[in-house]
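> Pasting a structure below so you can have a look.
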Amino acid sequence: MGVNLTNHQIQFVNALLPLDLSSLPAATRPHFTLGPKEEWSEFFVWLENQPPSVVIIDGLCSLLDQGHDLDTALWFFTACQRIIESHGVTGARLVVNMFVDDECTEPLAHAVVRRSHYVLSFEALASGSSSNVSGQLTAVAGHLHCQLPASKTFKPTVLHYKVSDATVLFFSPGQSRIVL
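Residue numbers (this note's numbering): 1 to 180.
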């Protein structure tokens, strides 16, 4: 998507219930874990004081699981988006991970897509399981990207991927090392 993440600081935010994640490796340990809604102002102050290049919110749908309504989850997403945009950092990104699996999470996913520049969808292969391919990534322009003047430069993309112990390989369908 035009961002080389090797030169950017990544901030990982855990939106799941507070758990002891201290045993995770430092690279995957969250920089912040959201508490109850009453404490979210602490998170927003933290975010404003840390102009990050990339903020990853893992589990936005878990806000619904915690009993928050759709409007509250969207408010949280929009507040994070505005803070990231207010930093004025070129290449700053907000990445939201969502698992869409039921009628409760679908409206949130649709609303987030309407407020996104890009949408990446990971899914299993329609043809079934394969030892050479773990799944399929579909990248499409989100609603906000389509409103940009140069929006015709992005073309929807479908890639296959293979997950191994230490890496993830992306390749065009039919272009796996096994096929070649």
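We treat Cβ as the ideally placed atom computed from N, Cα and C, and that holds for glycine. Since the model is a prediction, treat every value here as computed from it, not as a measurement.
Report yes or no: do three or more beta-carbon pairs, one from the stretch 97 to 109 and one from the stretch 131 to 139, lie closer than 8 angstroms?
Touching, no, given that fewer than three Cβ pairs across the two stretches are closer than 8 angstroms.
> Ignore the nearest five residues each way along the sequence and tell me which others in T157's own chain have a CB closer than 6 angstroms to its CB.
The residues are A139.
> So who's on the other strand from Q136, going by DSSP bridges?
For Q136, which the question treats as bridged, DSSP gives the partners E123, H160.
> Where are the alpha helix (DSSP H) runs, 4 residues long or more, that stay fully inside the stretch 45 to 72, in chain order?
Complete alpha helix (DSSP H) runs here, min 4: 62 to 65.
> For L47, count neighbouring C-beta atoms within 10 Å of its own C-beta (all shown protein chains included) and say buried if the count is 16 or more, exposed if not.
With 16 or more other Cβ atoms within 10 Å, it is buried.
> Counting along the chain, where does the alpha helix (DSSP H) carrying R114 start and finish?
Segment 105 to 114, the alpha helix (DSSP H) holding R114.
> What would DSSP say about L34, mapped onto helix, strand or coil?
Of the three classes helix, strand and coil, the one that applies to L34 here is coil, per DSSP.
> Kindly identify the DSSP beta-bridge partner or partners of A141.
For A141, which the question treats as bridged, DSSP gives the partners Y118.
> Between the alpha carbons of F44 and S131, how many angstroms are there, rounded?
Between F44 and S131, the C-alpha separation is close to 43 angstroms.
> In the DSSP assignment, the beta strand (DSSP E) including R93 goes from what residue to what residue?
Taken as a continuous stretch (DSSP letters only), the beta strand (DSSP E) holding R93 covers 93 to 97.
> Name the DSSP beta bridge partners of V13, please?
F32, I57, per the DSSP bridge assignment.
> When DSSP labels each residue in this structure, what does L169 get in the three-state scheme?
Here L169 sits in strand by DSSP.
> Give the DSSP-derived three-state secondary structure of S130 in the structure shown.
Reduced to three states, the DSSP call for S130 is coil.
> From the DSSP output, in three-state form, read off L24 for me.
Correct three-state label for L24: coil.
> Pair every Cβ in the stretch 61 to 71 with every Cβ in the stretch 25 to 33, then say whether three or more of these pairs are closer than 8 angstroms.
Output reads no: the stretch 25 to 33 does not touch the stretch 61 to 71.
> For S172, which of S116, V133, S22, W75 has the nearest alpha-carbon?
Among S116, V133, S22, W75, the Cα nearest to that of S172 belongs to V133.
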